[in-house]
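Going by my numbering, the sequence shown opens with residue 1286, and the numbers climb by one from there. Cβ coordinates follow ideal geometry from the N, Cα and C atoms, glycine included. None of the values given here were measured: they were computed from a predicted structure. Here is the structure we will look at, set down as C-alpha cells.
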Amino acid sequence: MRFRLTKRGVTVGAIVLTIVVIGIGVALAASSTPQFCAACKSHVPYVDEWRLSAHDGVNCEQCHTKPGPLFFLSAKLEALQQPIHELTGDYEKPILGAVLNQSCRRCHGNDILYNPVSKNGIRVQHRHLIDAGFLCMRCHSTQAHGDAVPPGSRTYPSMDQCLLCHNNQYTTAGGQVASSRCDICHTKRDYGAVPASHETPTWIDNHGSIGILSTCSACHVKKNACSKCHNGIDMPHDDAWISQHGDRVNATGRQDCGQCHDTEEYCETCHEVKMPHPADYVGSHPKVAERVGTGTCFNCHLVANCQACHEEHNAGDPRAHQLFDGVKYTLPSESPSPTAVGTGE
1286 MRFRLTKRGV
1296 TVGAIVLTIV
1306 VIGIGVALAA
1316 SSTPQFCAAC
1326 KSHVPYVDEW
1336 RLSAHDGVNC
1346 EQCHTKPGPL
1356 FFLSAKLEAL
1366 QQPIHELTGD
1376 YEKPILGAVL
1386 NQSCRRCHGN
1396 DILYNPVSKN
1406 GIRVQHRHLI
1416 DAGFLCMRCH
1426 STQAHGDAVP
1436 PGSRTYPSMD
1446 QCLLCHNNQY
1456 TTAGGQVASS
1466 RCDICHTKRD
1476 YGAVPASHET
1486 PTWIDNHGSI
1496 GILSTCSACH
1506 VKKNACSKCH
1516 NGIDMPHDDA
1526 WISQHGDRVN
1536 ATGRQDCGQC
1546 HDTEEYCETC
1556 HEVKMPHPAD
1566 YVGSHPKVAE
1576 RVGTGTCFNC
1586 HLVANCQACH
1596 EEHNAGDPRA
1606 HQLFDGVKYT
1616 LPSESPSPTA
1626 VGTGE
C-alpha cells in the first residue's frame, strides 16, 4: 500500500496536531492550578491556607517545580501517579512539599534579596544567607500553606537560626565574618532579646536537648551562666566528668543529676548495672558479669581492680577479704595502687 501525501491529508493532520497540542497545553495549565490540586481531599487544607496567604496569586508549579521546561515536564509526568495514590491511599502522610531557592527567586529578585530588609525592629541581609547555602524553607516553610504544614516541619525566622553563623565566626568566601554584635540585626533596643523558644512552658526542662550550646553562649556570656543553675556543675560536662561523677554523686546525692536525667533509669543505660552497687554486690557480681559481660565494669574500673582480688585471693592472700567490708575505689586519674578496689562508686 502506497502512502500519498495530499492537500486534504496535510490539512486534517495539521488540525489534529493543533488540537492535540492545544489539549496538552490546556491540560498542563489546568493541572497546575490550586483548584485542580484541591480535587484531592488530602490537599484541601493546603489549598485553603494558600487562599489566605500572600501567595494566593501563585500557581502550584511556580513553587513546587524547579525552573525550566524540562523540569516542568518531568514534574508533570511524576504527578500523573498522584491521582492513583490518592485513590488507593498509598501516599506518604503527612504530605510534605519542597521548594527550592530557585523557585522562590522567580519572584523574589536580587533587588530584595541583596539588600537589607528591616521589619519590626529586625534587620536581615538575605544575601549572606544565600551565599552560605541556606534554603529559604529553613525559615519560611509556612509562607504559602500556614498551619496546614505539619508542626514538625514548620520553620520561622528565629534567633537560633541566625546565631548558627553569627555566634560561630562564620566567614564568607570574601573574608567577611558574621559578627555577634546585637545591633547588627536588632534595630530597636531589647526587641526580640529573648528567643521565642525560651517562652515555651517546657523550656526549663528541655533546653538541654533542644538548645544549641554554641548559640546559647551568644547571650549567656558569663562563665558560670550554666553552672549557677546546675549547682556548680559545669555544662556541658568536661572530659573528666565520666571518671569523676561518682564522687559528685557520693557528696551531694542524685538530685543535681535529676535536673536533666531520669536517675531511676539513666545511669543503667551506661553502667548496665545498679548504681551505686548494692551491699551484696561483691558476692553477686559474677552472675551480673555473666549476664551483661565484663565490658561494662571497665566504664569505671581498671583491670588492676579485678586482679587485686582475683589474683591475690587465688594465691591465698587474706588482704582480699577487705573487699567484703568495701574498699573505696580510686579513680583512674589518681594512679590507683594494685590493691585499690571498691564498690563501684
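Identity of the residues DSSP links to residue i by a beta bridge
| i | result |
| --- | --- |
| ILE1407 | LYS1404, HIS1471 |
| VAL1462 | THR1456 |
N- and C-terminal bounds of the alpha helix (DSSP H) containing residue i
| i | result |
| --- | --- |
| THR1487 | First-last for THR1487: undefined, no H or E at that position. |
| VAL1506 | Counting along the chain, VAL1506 falls outside any alpha helix (DSSP H), and DSSP gives it neither H nor E. |
| ARG1533 | 1526-1537 |
| LYS1572 | 1566-1577 |
| LEU1448 | 1444-1451 |
| CYS1552 | 1551-1556 |
| SER1499 | 1498-1501 |
Contacts around residue i, its chain only, beta-carbon distance under 6 Å, and the 5 residues preceding and following it disregarded
| i | result |
| --- | --- |
| ALA1503 | LEU1448, ASN1452, SER1465 |
| GLY1568 | none |
| LYS1326 | none |
Cβ-based neighbour list, residue i, same chain, cut-off 8 Å, excluding 5 preceding and 5 following
| i | result |
| --- | --- |
| SER1443 | CYS1424, PRO1480, ALA1481, SER1482 |
| ASP1341 | TRP1335 |
| SER1316 | LYS1361, ALA1364 |
| LYS1572 | none |
Chain-order list of residues whose beta-carbon lies under 7 Å from that of residue i (same chain, five-residue window excluded)
| i | result |
| --- | --- |
| TYR1399 | ARG1412 |
| TRP1488 | SER1482 |
| SER1403 | THR1472 |
| HIS1556 | THR1581, ASN1584 |
| LYS1292 | none |
| ALA1323 | VAL1329, VAL1332 |
Three or more C-beta pairs below 8 Å linking the stretch 1403-1421 and the stretch 1361-1370: no
Whole runs of the alpha helix (DSSP H) within the stretch 1286-1355, excluding any shorter than 4 residues: 1292-1315, 1319-1322, 1329-1336, 1345-1349
4-residue-minimum alpha helix (DSSP H) runs that sit fully inside the stretch 1357-1401, ordered along the chain: 1367-1373, 1386-1389, 1395-1398
Given 8 Å, three or more beta-carbon pairs between the stretch 1375-1389 and the stretch 1339-1355: yes
Any 3 or more C-beta pairs closer than 8 Å across the stretch 1508-1525 and the stretch 1539-1559: yes
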